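Participant:
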Amino acid sequence: MRFQFYKQPDQMDCGPTCLRMIARHYGRNFTVQTLRRLCEINKEGVSLLGISDAAEKIGFRSMGVKLNAAQLKDAELPCILHWRQNHFVVLYNIKKHKYYLADPADGMVVLNEADFNRNWQSDAGSGIVLLLSPTPDFYEQENEKGNEVRWSFLLRYLITYRKLVIQLFFGLGIGSMLQLIAPFLTQSIVDIGINTRNLNFIYIVLFAQIALIIGRVSVDFIRSWILLHISTRVNISILTDFLIKLMKLPIGYFDTKMTGDIMQRMSDQKKIEGFLTGSTLSTLFSMFNLLVFSVVLAYYNATIFFVFAVSSTLYTIWITLFLKRRRALNYKSFEVSAKNQGSIVQLIGGMQEIKLNNCEQQKRWEWEHIQARLFKFSVKSLALSQYQQGGATFINEGKNILITFLSAQAVISGNLTLGAMVAVQSIVGQLSSPIEQLLGFIQGFQDAKISLERLNEIHQMDDEEPVGKEWSHTLPENKSLTLNNLTFSYPGAGNEPVLENIELVIPHGKTTAIVGMSGSGKTTIIKLLLRFYEPQKGDIKVGGQQIGNIAFKTWRGQCGVVMQDGFIFSDTIERNIAVGDDYPDKAKLRHAVKVANIQDFIDGLPLGLNTMIGAEGNGISQGQRQRMLIARAVYKDPHYIFFDEATNALDANNERVIMDNLTRFFEGRTVVIVAHRLSTVSNADNIIVLDKGRIIEQGTHNQLTALKGDYYKLVRNQLELGT
Numbered sequence: 002m003r004f005q006f007y008k009q010p011d012q013m014d015c016g017p018t019c020l021r022m023i024a025r026h027y028g029r030n031f032t033v034q035t036l037r038r039l040c041e042i043n044k045e046g047v048s049l050l051g052i053s054d055a056a057e058k059i060g061f062r063s064m065g066v067k068l069n070a071a072q073l074k075d076a077e078l079p080c081i082l083h084w085r086q087n088h089f090v091v092l093y094n095i096k097k098h099k100y101y102l103a104d105p106a107d108g109m110v111v112l113n114e115a116d117f118n119r120n121w122q123s124d125a126g127s128g129i130v131l132l133l134s135p136t137p138d139f140y141e142q143e144n145e146k147g148n149e150v151r152w153s154f155l156l157r158y159l160i161t162y163r164k165l166v167i168q169l170f171f172g173l174g175i176g177s178m179l180q181l182i183a184p185f186l187t188q189s190i191v192d193i194g195i196n197t198r199n200l201n202f203i204y205i206v207l208f209a210q211i212a213l214i215i216g217r218v219s220v221d222f223i224r225s226w227i228l229l230h231i232s233t234r235v236n237i238s239i240l241t242d243f244l245i246k247l248m249k250l251p252i253g254y255f256d257t258k259m260t261g262d263i264m265q266r267m268s269d270q271k272k273i274e275g276f277l278t279g280s281t282l283s284t285l286f287s288m289f290n291l292l293v294f295s296v297v298l299a300y301y302n303a304t305i306f307f308v309f310a311v312s313s314t315l316y317t318i319w320i321t322l323f324l325k326r327r328r329a330l331n332y333k334s335f336e337v338s339a340k341n342q343g344s345i346v347q348l349i350g351g352m353q354e355i356k357l358n359n360c361e362q363q364k365r366w367e368w369e370h371i372q373a374r375l376f377k378f379s380v381k382s383l384a385l386s387q388y389q390q391g392g393a394t395f396i397n398e399g400k401n402i403l404i405t406f407l408s409a410q411a412v413i414s415g416n417l418t419l420g421a422m423v424a425v426q427s428i429v430g431q432l433s434s435p436i437e438q439l440l441g442f443i444q445g446f447q448d449a450k451i452s453l454e455r456l457n458e459i460h461q462m463d464d465e466e467p468v469g470k471e472w473s474h475t476l477p478e479n480k481s482l483t484l485n486n487l488t489f490s491y492p493g494a495g496n497e498p499v500l501e502n503i504e505l506v507i508p509h510g511k512t513t514a515i516v517g518m519s520g521s522g523k524t525t526i527i528k529l530l531l532r533f534y535e536p537q538k539g540d541i542k543v544g545g546q547q548i549g550n551i552a553f554k555t556w557r558g559q560c561g562v563v564m565q566d567g568f569i570f571s572d573t574i575e576r577n578i579a580v581g582d583d584y585p586d587k588a589k590l591r592h593a594v595k596v597a598n599i600q601d602f603i604d605g606l607p608l609g610l611n612t613m614i615g616a617e618g619n620g621i622s623q624g625q626r627q628r629m630l631i632a633r634a635v636y637k638d639p640h641y642i643f644f645d646e647a648t649n650a651l652d653a654n655n656e657r658v659i660m661d662n663l664t665r666f667f668e669g670r671t672v673v674i675v676a677h678r679l680s681t682v683s684n685a686d687n688i689i690v691l692d693k694g695r696i697i698e699q700g701t702h703n704q705l706t707a708l709k710g711d712y713y714k715l716v717r718n719q720l721e722l723g724t
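Count along the sequence shown from 1, add 1, and you get the number used in our numbering.
1) Examine the Cβ distances between the region 455-462 and the region 639-651 and report whether three or more of them are shorter than 8 Å.
2) Could you tell me the alpha carbon to alpha carbon distance between glutamate 535 and valine 596, rounded to whole angstroms?
3) Taking DSSP as the reference, what is the three-state secondary structure of tryptophan 368?
4) Taking the continuous beta strand (DSSP E) assigned at cysteine 80, which residues delimit it?
5) Give me the DSSP bridge partner(s) of valine 130.
6) Tell me the DSSP secondary structure of histidine 460 in three-state form.
7) I want to know whether the region 531-551 touches the region 569-580 - three or more CB-CB distances under 8 Å.
8) Judging by CA-CA distance, which residue of Ser683, Asn662, Val429 and Leu505 is the nearest neighbour of leucine 181?
9) For glycine 517, which residues does DSSP report across the bridge?
10) Less than 7 Å between the C-beta atoms of glycine 194 and phenylalanine 202, yes or no?
11) How would you write the range of the beta strand (DSSP E) that tyrosine 641 sits in, first residue to last?
12) Decide if the region 44-54 is in contact with the region 5-21; the criterion is three or more beta carbon pairs, one per stretch, under 8 Å apart.
13) Isoleucine 503 lies in the beta strand (DSSP E); which residues open and close that run?
14) Out of Arg678, Pro251, Lys377 and Phe243, which has the shortest C-alpha to C-alpha gap to methionine 267?
15) Would you report the Cα separation of aspartate 464 and lysine 8, rounded to the nearest angstrom?
16) Using only the alpha-carbon positions, how far apart do asparagine 479 and threonine 512 sit?
17) Just to confirm before moving on: does the CB-CB distance between phenylalanine 4 and tyrosine 140 stay below 7 Å?
18) Tell me the DSSP secondary structure of alanine 103 in three-state form.
19) Could you give the residue range of the beta strand (DSSP E) that holds cysteine 560?
20) Less than 6 Å between C-beta atoms, sequence neighbours within five positions excluded: which residues of the same chain meet that for serine 287?
21) Between the region 499-516 and the region 675-686, are three or more C-beta pairs nearer than 8 Å?
22) Answer with buried or exposed for asparagine 302, where buried requires no fewer than 16 other C-beta atoms within 10 angstroms of its C-beta.
23) Leucine 487 by DSSP, collapsed to three states: which one?
24) Strictly by DSSP, which residues pair up with histidine 592?
25) Quick check on DSSP: helix, strand or coil for asparagine 113?
26) If you scan the region 350-407 from start to end, which runs of the beta strand (DSSP E) of 3 or more residues do you find wholly inside it?
27) Using DSSP's beta-bridge definition, name the partner residues of proline 135.
28) Spell out whether any CB of chain D is found under 7 Å from the CB atom of isoleucine 252.
29) Specify whether the region 203-219 and the region 127-146 touch according to this definition: at least 3 beta carbon pairs, one from each stretch, less than 8 Å apart.
30) Exposed or buried, what is glycine 609 when buried is set at 16 or more other beta-carbons lying within 10 Å of its beta-carbon?
31) For alanine 593 and alanine 632, which I take to be in contact (beta-carbon distance under 8 Å), what is that distance rounded to the nearest angstrom?
32) Are the CB atoms of valine 91 and methionine 22 within a distance shorter than 7 Å?
33) Residues bridged to glutamine 699 by DSSP?
34) Taking only three categories from DSSP, how would you classify lysine 272?
35) Between the Cα of glutamate 369 and those of Leu385, Phe222 and Lys340, spot the shortest distance and give me the residue it belongs to.
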């Protein structure tokens with residue numbers, strides 16, 4: 002039975018995709034989204050423990066072991082291998098010292114024993130393997146509907162521009178008819194014009210050919226303009242719908258995705274658009290020409306048509322034969338190329354250490370050894386290309402010579418006129434291009450299919466606010482926040498809870514501070530209150546209402562936030578502070594600038610509030626950036642304020658002024674402040690002390706210092722308290 006291969010949709014999806022392939026091998030289908038969730042994937046990918054836990058949840062018996070090459074040959078296959086110390090692949094067969102792998106990143110690969118061991122084994126001569134065998138529970142699992150490629154999803158974009166598409170096909174038809182006339186005109190020049198020595202007839206035919214060329218060029222111009230309009234509009238429509246969907250997804254989605262994966266999906270739109278409006282339409286045009294000219298060629302001579310058909314089939318088979326060998330060669334060279342890249346980075350970045358330790362020659366020899374291996378692969382790649390190109394040229398030119406011979410023989414025997422022979426040569430030339438385009442179309446179809454799977458995956462995900470659910474769009478009168486028995490751990494198998502059994506009341510209109518050592522869970526409480534994540538256990542209430550029943554936009558509209566990693570847009574200072582307002586309120590803007598104590602900085606800039614900042618504008622310091630974020634939160638005029646290390650980059654003078662301004666701004670608002678610099682929280686109405694995800698102390702500054710407990714130890718040095 003042929004092993005079913007799936008390509009990983011994202012950079013970190015190798016583990017779930019390997020598990021998906023093995024489950025499919027045993028007769029059950031799971032979506033990669035389900036397996037991602039069960040593996041508890043995060044930005045770092047998954048661990049072997051995560052894959053093992055997910056496998057057991059769907060009914061496998063799993064065992065992670067370290068084996069040597071001899072032991073691996075006796076292991077139950079398929080199994081999952083830890084590959085190159087940073088990847089997972091499926092080993093599904095070993096036969097005659099050949100190892101058959103399904104690599105989610107690179108496809109189906111066959112390696113010899115030396116190459117296999119070099120990629121799999123660690124220095125100790127053994128490698129890590131996850132052995133899997135199905136239990137009866139596995140066969141009780143229901144098949145999930147996969148991420149099917151829904152071409153109808155894309156066709157609706159083309160249907161919108163159906164008038165332009167009809168015009169395009171009309172142009173394709175006219176272009177084909179004009180090309181079809183050309184061989185007959187060529188035949189008439191030879192058979193009639195030359196044989197009868199009628200120069201006037203030749204003039205007429207030549208003028209007709211010029212008219213056909215002008216007509217064909219004109220049709221191509223018009224077709225290109227129509228194609229540009231369709232492709233641009235389709236691309237913008239697909240991309241806009243993608244961005245709309247992306248902005249509806251929960252914030253937690255972006256915490257488990259690499260930026261490159263999201264960018265890749267956006268570039269996927271271009272592949273799909275190119276396939277829809279480029280290769281598909283041009284291939285349809287070519288196939289139409291292939292069909293029409295094949296009929297004409299068969300009309301002229303059935304033997305010549307048969308020779309052309311057989312040779313074209315051989316040409317196609319020959320080209321595709323080398324795809325598998327080329328993939329295996331590329332796979333082997335990947336490791337060496339990666340080492341070459343790393344070696345160059347090390348040479349440049351570590352030059353100081355290289356010189357200090359007199360190891361210039363050693364490092365250069367290491368680099369030269371890698372170059373020798375790269376050269377070896379280049380030689381193999383060139384040889385493969387030469388075999389492929391040589392065979393293709395031999396088949397193609399052999400076809401042309403044989404057709405020329407058969408045409409000449411037919412002319413001599415009287416079965417074909419000389420003009421018909423010239424026409425046949427012209428038709429054969431017209432038929433060669435569609436064959437090559439068809440091979441390109443197959444590759445484009447595969448790329449578009451993978452891209453569409455990735456696109457469908459996003460569109461099938463649940464929105465942050467599902468449409469069917471009833472949402473509250475107002476906050477209760479009692480705006481106190483209550484955390485009941487709250488427990489939370491970040492995605493990732495084996496992760497310890499960041500928060501555990503948190504019982505906390507954040508009173509309405511009061512300032513609550515959260516302090517503790519790094520990693521104690523302070524920022525996580527802020528993220529849960531902002532609904533970046535859902536708690537695994539317990540709940541959060543606003544007054545007596547579950548926070549999960551309040552609409553996200555309603556809740557976040559009442560939250561002014563300064564996070565540690567707050568983002569500054571490439572825009573003016575004014576628009577960075579008044580984010581979301583097309584026409585900023587000048588009075589609110591002046592107030593926000595004053596509270597954040599950033600007026601002097603703005604006054605020193607030539608364009609004031611209209612100065613561009615961010616990646617494409619003026620660089621600003623970390624302290625200025627924090628003051629911008631504070632001004633943004635103040636401008637929003639919210640009821641809830643959440644500050645996460647909002648003043649840690651400020652100097653003492655600025656911090657004192659801003660904290661005095663904020664104290665007045667905080668009046669009547671519910672405030673939560675997370676800080677390491679404890680001078681910023683000493684005036685809070687309640688101070689929470691966290692340690693390893695648990696509340697160990699709470700009270701006012703005076704109460705906690707009098708206890709001389711953990712809080713006292715944290716502030717003793719900063720506030721110069723006595724021992």
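We treat Cβ as the ideally placed atom computed from N, Cα and C, and that holds for glycine.
Note that this is a predicted model, so its numbers are computed, not measured.
Facilitator: Quick answer:
1) no
2) 33 Å
3) helix
4) 80-84
5) Val66 and Leu82
6) helix
7) no
8) Val429
9) Leu691
10) yes
11) 641-645
12) yes
13) 500-507
14) Phe243
15) 25 Å
16) 16 Å
17) no
18) strand
19) 560-563
20) Pro435 and Gln438
21) yes
22) buried
23) strand
24) According to DSSP, histidine 592 bridges with nothing at all.
25) strand
26) none
27) Phe61
28) Although the question refers to chain D, the structure presented lacks it and comprises just one protein chain.
29) no
30) exposed
31) 4 Å
32) yes
33) Ile689
34) helix
35) Lys340
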